[in-house]
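Working notes, structure below.
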Amino acid sequence: MHAPSPLGRLALSLALAAFSASCALPVAAHPPGHHPSLRTPGTPPGIVLPPTDEDVPAPPAWDGVAFRGGVVSVSHPLAAQAGRDVLARGGNAIDAAAAIQFMLNVVEPQFSGIGGGGFMMIHLAHRHRTFAIDGREKAPAAATPTQFVLTDVPAAQRFTIASTSGLSVGVPGTLAVLDHALRRYGTIRLSEALAPAIEVAEKGFRINRFLAANIANDGGRTGFQPETAAVFRPGGVPLADGALLVQPDLAKTFRLIARHGPKVFYQGEIAQALVAAQQRSRTPVAAEGVGRMTLQDLADYRVVERDPVKVDYRGWTVADMAPPSSGGLTVGQMLEMVERFPMGDAGQGFGFGSPTTLHVMTEAMRLAFADRAVWMGDEDFVPVPKTGLLNPEYVATRSAMISLTSRMATPAAGNPLPYDTAATGNRNVRLAPEKEDTEQRPSHTTHYSVVDKWGNVVSFTTTIEATWGTGITVPGYGFLLNNELTDFNFDPAFNPATGNPGANDVAPGKRPRSSMAPAIVFKGREPVLAYGSPGGATIINSVFNVTLNLIDHGMSIQQAINAPRLSVTSATGTVSCEGVEPFMQPKFSVATQDALRSLGHLVPGAAGANGCTATIGSVQGVVIDLRTGRQYGGADLRREGTVLGLKRVKAQGPKDRDKRDERDDETDD
Ligand code: GLU
76 MHAPSPLGRL ALSLALAAFS ASCALPVAAH PPGHHPSLRT PGTPPGIVLP PTDEDVPAPP
136 AWDGVAFRGG VVSVSHPLAA QAGRDVLARG GNAIDAAAAI QFMLNVVEPQ FSGIGGGGFM
196 MIHLAHRHRT FAIDGREKAP AAATPTQFVL TDVPAAQRFT IASTSGLSVG VPGTLAVLDH
256 ALRRYGTIRL SEALAPAIEV AEKGFRINRF LAANIANDGG RTGFQPETAA VFRPGGVPLA
316 DGALLVQPDL AKTFRLIARH GPKVFYQGEI AQALVAAQQR SRTPVAAEGV GRMTLQDLAD
376 YRVVERDPVK VDYRGWTVAD MAPPSSGGLT VGQMLEMVER FPMGDAGQGF GFGSPTTLHV
436 MTEAMRLAFA DRAVWMGDED FVPVPKTGLL NPEYVATRSA MISLTSRMAT PAAGNPLPYD
496 TAATGNRNVR LAPEKEDTEQ RPSHTTHYSV VDKWGNVVSF TTTIEATWGT GITVPGYGFL
556 LNNELTDFNF DPAFNPATGN PGANDVAPGK RPRSSMAPAI VFKGREPVLA YGSPGGATII
616 NSVFNVTLNL IDHGMSIQQA INAPRLSVTS ATGTVSCEGV EPFMQPKFSV ATQDALRSLG
676 HLVPGAAGAN GCTATIGSVQ GVVIDLRTGR QYGGADLRRE GTVLGLKRVK AQGPKDRDKR
736 DERDDETDD
């Protein structure tokens, strides 16, 4: 099998540009159950994943249905329904995104909500404008670089204790994002976006197995605070899969916000309760662990609109989150580093899941994470050499360190400053290095994607940081508080010799460096894909894996999401890889793992053993086929991923499933 040659790729680009510019082109038919991939028709895909209903049991999200009236892809069916209903009433993607977020606060309270923050990447079709609303939590004005040092606590317990105390609560941004997005770019009121969530919080819903598992096992942390336990473990008994969860306090909070607007949260009675709640601390650190947020910090919170970072990868433009997230820069570096290899060309050993492909991916991850550890942080506080980090010549020097025959020794960060076009001050100065982030946090956070009938796109990664955040529920108000400040350096990387701060040291008003990477991919000016993932630092790698699956391996969005993923989140490079879920086909074989081990990679387990047992991320994506205008979704079975759409394209063959949709939705084809 052969990857398209550069000329072939150019031809593909031109052809697709021509398609997108023309309305009069014939509609291409896709076989039922098959999503269009990004390759040209006839281009051999780099992997044979089960393409039809006959090959795999059809899970709900394996749904090759095409739509024209908008698509939502969300990790929970009730939240997907809330978004779809907004679109059905004539709302746009921004409106749907707001309704989805409020519903997620109800049905996936452990992952995101108004006590947290996030990055909402938006593409406005009529303005051809792509930007992110940065709702990242901020350190309070009283924060200090040494606030997490906590000398009295054994090192092994420090993270757990800090992350479950008020000290780690950042000033939340999610509600401010939704309010800003609706006022500037939406068509419905905040109260309308809240209404479905209020109803479900009040009447209750049956919890799914993912929430039940998170309630039963809070990840070995020191337990829920009492108000959280009262909701999720009433009488000390964890709610089980299928149990009814009613959240009157959360419903009350949402009603207050619907009536009074976000002011009641940032300046009113909810602000007062929130500030009091983050004064909780775990016993071993007592006063040292008390949160430092004041009413003034809440009143001062503002979202920021930011331009995405963009990289060109094989003719596609990947727009992703800029600092304070490391997501876009790190994904971008990885893509640029692997572009010189014929990824996807099985004939040359670069098919999906081959040892060579995985080796190159791993090395790119190690190099990019080495740079991330030194250079990336909140650029409102530290200079981040964004153009240098993505400069093709600079990245080429990094990529040149990748050998096909052996694993490199642990790479240091590079020096992108000579390649940086921005005025970053003294170019000889380097920021102090910090400890690498080797922590795997697979199950936090949520990503969802929306496209509406006008072609507006939202790609939103939203979080309260760890699963359950701090575990502190604001008493009487029913929402959990984030522990996002644990994303800062726990020990400051400040360099006393030079006076340089660590890029990610705590500072008053600063946003902790994130890994969130809500992506929108373009062909020319037209958006074709939106996706992202939760998972702490592994987010970056989930987005990288899925991007290669789509662009190089010729997979459809659902195949790209289903395929097993591999992740390395530090220069030292311990490999984490998937392969336990039955829907991940094919898995990384033991022979492949052994081939990586023999190159020197740190695949868990001994030779001959299956070390690929991780679960990494949860990707929800939407696709717009520029040739036909059809819209598709792919959702992740690692959670209860759900795709819903409007104006379903009429069934074209006997195999088409789910006739129910035809009664509900218009058909036009
Ligand atoms: N605190 C994480 C980040 O911003 C949230 C994502 C996650 O843990 O999944 O990178």
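Going by my numbering, the first residue of the sequence shown is number 76, and it counts up by one from there.
Where a beta carbon is used, it is the ideal one built from N, C-alpha and C, also for glycine.
Since we're looking at a predicted model, the values are computed, not measured.
Given a cut-off of 8 Å on the beta-carbon distance, is the pair Thr437 and Val643 in contact? Locating residue 437 in the sequence shown gives position 362, where the first residue counts as 1. Locating residue 643 in the sequence shown gives position 568, where the first residue counts as 1. The answer is yes: Cβ separation under 8 Å.
In whole angstroms, give me the CA-to-CA distance for Leu556 and Thr548. Counting from 1 along the sequence shown, the entry for residue 556 is found at position 481. Counting from 1 along the sequence shown, the entry for residue 548 is found at position 473. The C-alpha of Leu556 lies about 6 Å from the C-alpha of Thr548.
With H, G and I counted as helix, E and B as strand and the rest as coil, what does DSSP make of Val724? Start at 1 with the first residue of the sequence shown, and residue 724 comes out as number 649. Note: Val724 maps to coil in three-state DSSP.
Distance, Asp209 Cα to Ala218 Cα: The residue you call residue 218 lines up with position 143 of the sequence shown. The residue you call residue 209 lines up with position 134 of the sequence shown. One C-alpha to the other measures close to 20 Å.
Using 7 Å as the cut-off, classify the Cβ of His335 as near or not near the heavy atoms of ligand 1, replying yes or no. For the purposes of this step, residue 335 is identified with residue 260 of the sequence shown, where counting begins at 1. Because no heavy atom of ligand 1 lies under 7 Å away, the Cβ of His335 does not count as near it: no.
Alpha-carbon spacing of Gly584 relative to Gly366, whole angstroms: Numbered from its first residue, the sequence shown carries residue 584 at position 509. Numbered from its first residue, the sequence shown carries residue 366 at position 291. So the alpha carbons of these two residues sit roughly 14 Å apart.
For Ile699: DSSP bridge partner residues: Within the sequence shown, the letter at position 624 stands for residue 699. Beta-bridge pairing links Ile699 to Gln706.
Return the bridge partner residues of Ala448 from the DSSP annotation. Reading the sequence shown from its first residue, position 373 is the one you call residue 448. Note: Ala448 sits in no beta bridge, so no partner.
Can you check DSSP and say which residues form a bridge with Tyr494? Residue mapping note: residue 494 aligns to position 419 of the sequence shown, counting from 1. DSSP lists no partner for Tyr494.
Hey, how far is the Cα of Gly452 from the Cα of Glu380? Indexing the sequence shown from 1 puts residue 452 at position 377. Indexing the sequence shown from 1 puts residue 380 at position 305. Distance between the alpha carbons of Gly452 and Glu380: 17 Å.
State yes or no: is the C-beta of Asp562 nearer than 7 Å to some heavy atom of ligand 1? Along the sequence shown, read from residue 1 onward, the residue named residue 562 stands at position 487. Yes.
Determine the direct distance from the alpha carbon of Thr432 to that of Ser238, and round the result to whole angstroms. As a position in the sequence shown, residue 238 is number 163, starting the count at 1. As a position in the sequence shown, residue 432 is number 357, starting the count at 1. Going by the C-alpha atoms only, they are around 37 Å apart.
Report, in whole angstroms, the separation of the C-beta atoms of Gly577 and Phe569, which I expect to be a contact under 8 Å. Along the sequence shown, one-based indexing puts residue 577 at 502. Along the sequence shown, one-based indexing puts residue 569 at 494. Rounded, the Cβ-Cβ distance is 6 Å, consistent with contact.
For Thr542, does the count of other Cβ atoms within 10 angstroms reach 16, so buried, or fall short, so exposed? For this step, residue 542 is matched to residue 467 along the sequence shown. Result: buried.
Taking buried to mean at least 16 other C-beta atoms within 10 Å of its own C-beta, is Val312 buried or exposed? Your numbering for residue 312 matches position 237 in the sequence shown. Classification for Val312: exposed.
Please indicate yes or no: does the CB of Met591 lie closer than 7 Å to some heavy atom of ligand 3? With respect to ligand 3, the structure offers nothing, as its ligand set consists of ligand 1.
Buried or exposed: Asn531, going by 16 or more other Cβ atoms within 10 Å of its Cβ? Here residue 531 refers to the residue found at position 456 when the sequence shown is read from its first residue. Looking at its Cβ environment, which holds 16 or more other Cβ atoms inside 10 Å, Asn531 is buried.
How long is the line joining the alpha carbons of Asp495 and Val384, rounded to whole angstroms? Your numbering for residue 495 matches position 420 in the sequence shown. Your numbering for residue 384 matches position 309 in the sequence shown. C-alpha separation (whole angstroms): 14 Å.
Leu320 versus Gly279: straight-line alpha-carbon distance, rounded: Here residue 320 refers to the residue found at position 245 of the sequence shown. Here residue 279 refers to the residue found at position 204 of the sequence shown. When rounded, the distance between both Cα atoms is 5 Å.
My understanding is that Arg143 touches Val724, with C-beta atoms under 8 Å, so please give their C-beta distance in whole angstroms. Counting from one through the sequence shown, the residue named residue 143 turns up at place 68. Counting from one through the sequence shown, the residue named residue 724 turns up at place 649. Indeed, because the Cβ distance is near 6 Å, the residues count as touching under 8 Å.
By the three-class DSSP mapping on this structure, what secondary structure does Lys598 have? Stepping through the sequence shown from its first residue, residue 598 is reached at position 523. In the structure shown, Lys598 sits in a strand (DSSP, three-state: E or B).
Where Ala104 falls, given that 16 or more other Cβ within 10 Å makes a residue buried: Along the sequence shown, one-based indexing puts residue 104 at 29. With a pLDDT of only 27 at Ala104, under 50, the local geometry of the prediction cannot be trusted, and no value is derived from it.
Taking the CB atoms as reference points, tell me whether Ala605 and Val697 lie closer together than 8 Å. The residue you call residue 605 lines up with position 530 of the sequence shown. The residue you call residue 697 lines up with position 622 of the sequence shown. Cβ distance < 8 Å, so Ala605 and Val697 count as in contact.
Beta carbon of Leu257, beta carbon of Ala173: below 8 Å? Residue mapping note: residue 257 aligns to position 182 of the sequence shown, counting from 1. Residue mapping note: residue 173 aligns to position 98 of the sequence shown, counting from 1. Yes, these two residues count as a Cβ contact at 8 Å.
Nearest to Asp316 by CA position, among Phe177, Asn283, Phe307, Ala326, is which residue? For this step, residue 316 is matched to residue 241 along the sequence shown. If we check each option's Cα against that of Asp316, Asn283 comes out closest.
Proximity winner among Gly165, Phe206, Tyr341, His201, relative to Gly191 (alpha-carbon distances): Start at 1 with the first residue of the sequence shown, and residue 191 comes out as number 116. Closest option to Gly191, Cα to Cα, is Tyr341.
Rounded separation between Tyr552 and Gly336 - CA only: For the purposes of this step, residue 552 is identified with residue 477 of the sequence shown, where counting begins at 1. For the purposes of this step, residue 336 is identified with residue 261 of the sequence shown, where counting begins at 1. Distance between the alpha carbons of Tyr552 and Gly336 is about 15 Å.
Could you tell me the boundaries of the alpha helix (DSSP H) in which Val406 lies? Stepping through the sequence shown from its first residue, residue 406 is reached at position 331. First-last of the alpha helix (DSSP H) with Val406: 402-413.
Run the CB neighbour count on Thr485, radius 10 Å, all protein chains shown included, and call it buried at 16 or more, exposed below. One-based indexing of the sequence shown puts residue 485 at position 410. Burial call: exposed.
Quick check: the Cα distance between Thr667 and Ile477, rounded to an integer number of angstroms? The count along the sequence shown starts at 1 and reaches residue 667 at position 592. The count along the sequence shown starts at 1 and reaches residue 477 at position 402. Distance between the alpha carbons of Thr667 and Ile477 is about 19 Å.
Quick check on the burial criterion: 16 or more other C-beta atoms within 10 angstroms. Buried or exposed for Asn620? In the sequence shown, counting from the first residue as 1, residue 620 sits at position 545. Counting Cβ neighbours within 10 Å, Asn620 comes out buried, since at least 16 surround it.
Pop quiz: Leu442 and Met412 are said to be a contact at Cβ under 8 Å. What is the actual Cβ separation, rounded to whole angstroms? Taking the sequence shown and counting its residues from 1, the one referred to as residue 442 is at position 367. Taking the sequence shown and counting its residues from 1, the one referred to as residue 412 is at position 337. That pair is a contact at about 6 Å.
How long is the line joining the alpha carbons of Asn490 and Leu349, rounded to whole angstroms? One-based indexing of the sequence shown puts residue 490 at position 415. One-based indexing of the sequence shown puts residue 349 at position 274. Spanning the two alpha carbons is a distance of roughly 42 Å.
Would you kindly work out how many angstroms separate the C-alpha atoms of Phe234 and Glu363, rounded to a whole number? Locating residue 234 in the sequence shown gives position 159, counting from the first residue. Locating residue 363 in the sequence shown gives position 288, counting from the first residue. Each residue's alpha carbon lies about 14 Å from the other.
Three or more C-beta pairs below 8 Å linking the stretch 656-671 and the stretch 616-631: no
Would you mind sorting Trp391 into buried or exposed? The rule is 16 or more other CB atoms within 10 Å of its CB. Position 316 of the sequence shown, counted from the start, is the residue given in the question as residue 391. Buried.
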